[in-house]
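Participant: Chains as they are written, first to last, in my numbering: chain L, 680 to 1228; chain F, 3 to 361. Glycine residues also receive a C-beta, built at the ideal position from the N, C-alpha and C atoms.
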Amino acid sequence: MAAKDGLGAPISDNMTAEDIALNMKEISVAEFFEKNRHLLGYENSSKAMLTIVKEGVDNSLDACEDAGILPELKVTVKQLGIDRFRIIMEDNGPGVVEAKMALAFGKMLFGSKFHRLKQSRGKQGLGIRGAILYAQLTTGKPAKIRTSTGDAKVHEFELLIDTVRNEPKISAHTTAPNKERWHGVSIELEIEGVYVERAQSIHEYLKRTAIANPYAHIIYNGPNGVLKYERTTNTMPKHPKEIKPHPYGIELGILIRMMATTRSQNVRSFLMGEFSRVGGSSADQILALAKLEAGRKPASIANDEAERLHKSMQMVKLIAPPTDCISPMTETLIENGLKKELEADFYVAITRPPSVYRGNPFQVEVGLAYGGKLNPQGAAELYRFANKVPLLYHQSSCAITKAVEEVDWKRYGLQQSSGGMPVGPLVVLVHFASVWVPFTSEGKEAIAEYPEIIKDIKLAIQDAGRNLASFVRSQRKSREGQMRRQLFERYIPVVAESLEKLTGKDHAPIEMKLEAMVKAGKLIIVEPAEETKTETKKAEPAEDEGADE
Amino acid sequence: MAERNPKEKLVKMGNDIIKEVDAKENPKIEIPIRSLSNIIYNDKSKSLSIGDKTSKRFFFNVAHAKKFMQTTMVAAFCKELIEGKIHTNLRDMFYNLKRTLKDSEENTFDEQSESDPIVVDIEVALDMLREQLHLGADVRGRVVGNVSIVDRGDVVNWGKLGSGGWAIPSIVEEITFKSVDAKFILVIEKNAAFERLHEDKFWQKHNCIIITTQGQAARGCRRLIQRLSAEFKLPVYVFCDSDPYGWYIYSVIKFGSMSLAHQSDRLGTPNARYIGLTVSDIEEFGLDKFTIRAKDVDIKRAKDMMKYEWFQAPEWQKELKLLVDKKKKAELEALSGRGLRFMTEEYLPKKIKNKDFLP
Chain L
680 MAAKDGLGAP ISDNMTAEDI ALNMKEISVA EFFEKNRHLL GYENSSKAML
730 TIVKEGVDNS LDACEDAGIL PELKVTVKQL GIDRFRIIME DNGPGVVEAK
780 MALAFGKMLF GSKFHRLKQS RGKQGLGIRG AILYAQLTTG KPAKIRTSTG
830 DAKVHEFELL IDTVRNEPKI SAHTTAPNKE RWHGVSIELE IEGVYVERAQ
880 SIHEYLKRTA IANPYAHIIY NGPNGVLKYE RTTNTMPKHP KEIKPHPYGI
930 ELGILIRMMA TTRSQNVRSF LMGEFSRVGG SSADQILALA KLEAGRKPAS
980 IANDEAERLH KSMQMVKLIA PPTDCISPMT ETLIENGLKK ELEADFYVAI
1030 TRPPSVYRGN PFQVEVGLAY GGKLNPQGAA ELYRFANKVP LLYHQSSCAI
1080 TKAVEEVDWK RYGLQQSSGG MPVGPLVVLV HFASVWVPFT SEGKEAIAEY
1130 PEIIKDIKLA IQDAGRNLAS FVRSQRKSRE GQMRRQLFER YIPVVAESLE
1180 KLTGKDHAPI EMKLEAMVKA GKLIIVEPAE ETKTETKKAE PAEDEGADE
Chain F
3 MAERNPKEKL VKMGNDIIKE VDAKENPKIE IPIRSLSNII YNDKSKSLSI
53 GDKTSKRFFF NVAHAKKFMQ TTMVAAFCKE LIEGKIHTNL RDMFYNLKRT
103 LKDSEENTFD EQSESDPIVV DIEVALDMLR EQLHLGADVR GRVVGNVSIV
153 DRGDVVNWGK LGSGGWAIPS IVEEITFKSV DAKFILVIEK NAAFERLHED
203 KFWQKHNCII ITTQGQAARG CRRLIQRLSA EFKLPVYVFC DSDPYGWYIY
253 SVIKFGSMSL AHQSDRLGTP NARYIGLTVS DIEEFGLDKF TIRAKDVDIK
303 RAKDMMKYEW FQAPEWQKEL KLLVDKKKKA ELEALSGRGL RFMTEEYLPK
353 KIKNKDFLP
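1) Tell whether a beta-carbon distance below 8 Å holds between Ala219(F) and Ile251(F).
2) Measure how close the beta-carbons of Leu931(L) and Ser961(L) come, nearest whole angstrom, since I'm counting them as under 8 Å.
3) Determine, using beta carbons only, whether Ile881(L) and Met728(L) come nearer to each other than 8 Å.
4) Would Ser47(F) be called buried (16 or more neighbouring beta carbons within 10 Å of its own) or exposed?
5) Closer than 8 Å, CB to CB, is Gly16(F) near chain L or not?
6) Can you tell me which of Pro1117(L), Val1151(L) and Ile1133(L) puts its alpha carbon nearest to the alpha carbon of Arg1090(L)?
7) Taking Met308(F) as the reference, which of Asp245(F), Lys87(F) and Lys26(F) has the closest Cα?
8) Could you list which residues in chain L have their beta carbon closer than 8 Å to that of Glu82(F), in chain order?
9) Can you give me the C-alpha to C-alpha distance between Lys1198(L) and Leu1181(L), rounded to a whole angstrom?
10) Output the distance between the C-alpha atoms of Leu1070(L) and Asp1135(L), rounded to the nearest integer angstrom.
11) Under the DSSP definition of a beta bridge, which residues are partnered with Asp153(F)?
12) Taking Lys56(F) and Ile35(F) to be in contact with their CB atoms under 8 Å, please state how far apart those CB atoms are, rounded to whole angstroms.
13) Does the Cβ of Phe179(F) have 16 or more other Cβ atoms within 10 Å, making it buried, or fewer, making it exposed?
14) Where does the unbroken beta strand (DSSP E) through Asp841(L) begin, and where does it stop?
15) List the DSSP bridge partners of Gly143(F).
16) Please identify, using Cβ separations under 8 Å, the residues of the region 310-335 of chain F that lie next to chain L, in order along the chain.
17) Give me the chain F residues within the contact set of Lys1192(L), using Cβ-Cβ distance strictly less than 8 Å, ordered along the chain.
18) Roughly how many angstroms separate the alpha carbons of His66(F) and Thr271(F), rounded to a whole number?
19) Is the CB-CB distance between Ile255(F) and Ala232(F) below 8 Å?
20) Going straight from the alpha carbon of Thr346(F) to that of Arg198(F), what length do you get?
21) Could you check whether the Cβ of Thr271(F) sits closer than 8 Å to any Cβ belonging to chain L?
22) Could you tell me the distance, in whole angstroms, from the CA atom of Gly772(L) to the CA atom of Ile748(L)?
23) Anyone know if the C-beta pair for Val1114(L) and Ile922(L) falls short of 8 Å?
24) Tell me the residue span of the beta strand (DSSP E) that contains Ser49(F).
25) Which stretch, first to last residue, makes up the alpha helix (DSSP H) that contains Tyr1170(L)?
26) I'd like to confirm the pairing. Which residues does DSSP put opposite Thr346(F) in its beta bridges?
27) Which word fits Val905(L), buried or exposed, when buried means at least 16 other C-beta atoms lie within 10 angstroms of its C-beta?
28) Does the pairing of the region 760-775 of chain L with the region 863-882 of chain L give three or more beta-carbon distances under 8 Å?
29) Would you be able to state if there are at least three C-beta pairs under 8 Å between the region 998-1005 of chain L and the region 1036-1045 of chain L?
30) Going by DSSP, which residues form a beta bridge with Val908(L)?
31) In three-state DSSP terms, what is Asn1039(L)?
32) Grouping DSSP H, G and I as helix and E and B as strand, with all else coil, what is Cys223(F)?
33) Across the region 741-761 of chain L and the region 835-851 of chain L, are there enough close Cβ pairs to call them in contact, namely three or more that are closer than 8 Å?
34) Going residue by residue through the region 15-93 of chain F, where are the continuous beta strand (DSSP E) segments of at least 3 residues, counting only ones entirely within it?
35) Let's see if you can read the secondary structure: which residues bound the beta strand (DSSP E) around Tyr239(F)?
36) Report the three-state DSSP secondary structure of Tyr1(F) (helix, strand or coil).
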């Protein structure tokens, strides 16, 4: 599918997989892939299928958003044999120009521009290239790709990766006239896999993706039928801005690599040019602390010197990084997304102002859906998102989960056993957006528990919770009122009938009058006062059994 | 007692409710409270009576509504009984009124234990006896003695009914006494002791009437004791287990009960005396081997009773305190430990001769 810049690995957050790959240039990509399946999302056959769809869909959504196109995605999964599937993923993105097709889909490029930070959907390590490689390694079949940028031609070709030389090989390249001026990418893969429709499934992933991206139209043609996720808004979120890293958030390894590849002539201009919030005097302070000469060539800095530099960068007082680089889902879109996929009675969404952890800007959003057809029994469902991508695995070790469990949900009218998820017909959506999502592990499925992050998530939940609480209370009140009315309405005919028997007066007018009184509701007393008695019969012994029977 | 007849009272109760409905007020039924806080003990007349505290049962109160409905049902049921000249009992009434409410799974009454107290509510609220509502009370208690009565036209001699004696009916208003030849009445809590005394011809030897209450005295039994005592000036001696339960049986016979305090003047026998057993008896008659350890509930009950105004006599305070201290109870059967005829031949004669009674 459309690679965003048509060049190299996605520039985004955690590069762990590629970091490792950097040191493995000598061995084949196939061997690299085998050794790092767990980092790449291919550790088992069912997860592999989900990962492939994820890579495709994330890539397409990023491409469409970059190009300002309302996404139209189609995912087809067809079962060919017991463990053999064909997956076709198609989008209406900007497509890929002919010159860059091989690189976009085939070559694993390592060591790209790490030092530019921009919020984007995280990739499972190798992105779409990993999916192509997985297909090739399990079935030996090439990927079939169609793409056009909307010009006169549609390109169709097959692509294999030369796993020894790490080179894409394009074959059977044909072109066809593009009368409809179609643009986009379609990738067809044949893979070995296991298809499930349980919790961690393509279904669930697409449903949650549809919630986070209500401006996307997604059609899923799976082995068990077609599912459509409709577009309910034409508003797309604002475009995320690219920013330079802030010194507080940089890791030593990346700093070293940045210095090796920078075009800056000396360390001082390197600091000022490649980092945000570093001016001349800040750079001088950092260098003085690190005991480094300003004129040193960045490439000449030894590792122990780099370590000193890294430490000094953390010690100097700097302005927090700019936060306008974050693109939140926005409250409107979250509510929109929840309403679209969940039948509830109440929806609320909160977008927090941006904040900063370790020099990295981030923004937290929370959405709640309550009541309606949501399951009233059992724990609430938690939908975690990082940069609009649903996180389906490792829920228990995620900062989002921790924050949700730390909130006292009883204050908002829900049940909760201590330190657990709230119980009730509730879906909790938490979106964490950042230029650098601190995933806990290679799998990129759980967010690290930074106190700043947990605090912000909790504040957002509490804000949303207060809205929920008034709804829950008013709902409960009206339900109780209704039950009360029904109670009196059940008794009224019997009372009226008894009064008729007692007095000989017609029951009908009595019944009508009592019913009118129920409707007026003014007289109804709710306190369970035991008939205004102060004392119960506790002083009375078993005496009554005999005496009064 | 009844200025108006029972049917009129029931009709008025219904009309009062309808008046409130017409006035758009919360319909209510006012019921005197039958608990210790509203029980007045009159030391002069030696009887319990009910105070003027009442509770209001409102229809438009979530906690009262169902009971309100049940009360109107029972009242209507009784009115129809009176009109139809039918007598029945509490169990039949329960089955007659129990049904499932329309469009629900809720029953008018689930258990008889729900309908029984409603009858007492109406009795107290309208100051009536359930017999007047055509509801029979429990039939319990038997009597033997040199007494002839007329009951529904039949002449019955209590001394000529074999081993069983005469079963006391729930209503004894209508019976008339033809001849009563006795010096006192002995009321016995337990059937076994009654049968022992009957077989041993105690009532013939001592020229008395013996009555067993078979546990807590039923109303018919209480009313009969009162009538005999009042109409023939007979002393009444009550013979119960030495434990709080037995002593309370005595106090109900003598002073009346809390739940029927409004009827004490008809049911209480203020001149009754307590003959035994007592904790003091255990030592005096060598019954220690045959005692039972008092349970926590017995101790608690004894402590409660020590506070009742009608148990303030020093003799009773002493017995209650002894029980709390020694934690010992004795049943009437304990006397059999001393020999099967010990009770007939030694214990009771000695007590009566020495006038060894508790007030």
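Facilitator: In brief:
1) Ile251(F) is positioned such that its CB atom lies closer than 8 Å to that of Ala219(F).
2) Under the criterion of beta carbons closer than 8 Å, Leu931(L) and Ser961(L) do not qualify as touching, at roughly 19 Å.
3) Annotated as proximal: Ile881(L) and Met728(L), with beta-carbon spacing under 8 Å.
4) Taking every protein chain shown into account, the CB of Ser47(F) has fewer than 16 other CB atoms within 10 angstroms, so this residue is exposed.
5) Chain L, which has a Cβ nearer than 8 Å to the Cβ of Gly16(F), makes this yes.
6) Closest option to Arg1090(L), Cα to Cα, is Val1151(L).
7) Considering only alpha carbons, the answer is Asp245(F).
8) Within chain L, the residues whose beta carbon sits less than 8 Å from that of Glu82(F) are Lys1180, listed in sequence order.
9) So the two alpha carbons sit approximately 26 Å from each other.
10) Roughly 19 Å between the two C-alpha positions.
11) Here Asp153(F) is bridged, per DSSP, to Asp156(F).
12) Checking the sequence, you will find Thr at residue 56(F) rather than Lys. Thr56(F) to Ile35(F), Cβ: 6 Å. Contact.
13) Phe179(F) comes out exposed.
14) Lys832 to Asp841 is the span of the beta strand (DSSP E), which, as asked, contains Asp841(L).
15) Gly143(F) is not bridged to any residue.
16) For the region 310-335 of chain F, which is checked against every Cβ of chain L, not one residue is closer than 8 Å.
17) Under a criterion of Cβ atoms nearer than 8 Å, the residues of chain F adjacent to Lys1192(L) are, in order, Val23, Asp24 and Lys26.
18) Take the alpha-carbon of His66(F) and the one of Thr271(F): they are about 36 Å apart.
19) No, they are not a contact pair.
20) Going by C-alpha positions, Thr346(F) is about 8 Å away from Arg198(F).
21) Not one chain L Cβ lies under 8 Å of Thr271(F).
22) Roughly 7 Å between the two C-alpha positions.
23) In contact: Val1114(L) and Ile922(L) (Cβ atoms closer than 8 Å).
24) Counting along the chain, the beta strand (DSSP E) containing Ser49(F) begins and ends at Ser49 to Ile52.
25) If you look at Tyr1170(L), you'll find it in the alpha helix (DSSP H) that goes Pro1130 to Thr1182.
26) Beta bridge pairing from DSSP links Thr346(F) with no other residue.
27) Under this definition Val905(L) is an exposed residue.
28) Contact check between the region 760-775 of chain L and the region 863-882 of chain L: three or more CB pairs, one atom from each, fall below 8 Å, which counts as touching.
29) The answer is yes - the region 998-1005 of chain L touches the region 1036-1045 of chain L, with three or more Cβ pairs under 8 Å.
30) Looking at the sequence shown, residue 908(L) is not Val but Tyr. Looking at the DSSP assignment, Tyr908(L) forms a beta bridge with Ile897(L).
31) DSSP places Asn1039(L) in strand when its eight states are reduced to three.
32) Correct three-state label for Cys223(F): helix.
33) Too few Cβ pairs lie closer than 8 Å, so no.
34) Fully enclosed beta strand (DSSP E) runs of no fewer than 3 residues occupy 30-34, 41-44, 49-52 and 56-60 of the region 15-93 of chain F, in order along the chain.
35) Where Tyr239(F) is concerned, the enclosing beta strand (DSSP E) stretches over Val238 to Phe241.
36) With chain F covering 3 to 361 only, the question about residue 1(F) has no answer from this structure.
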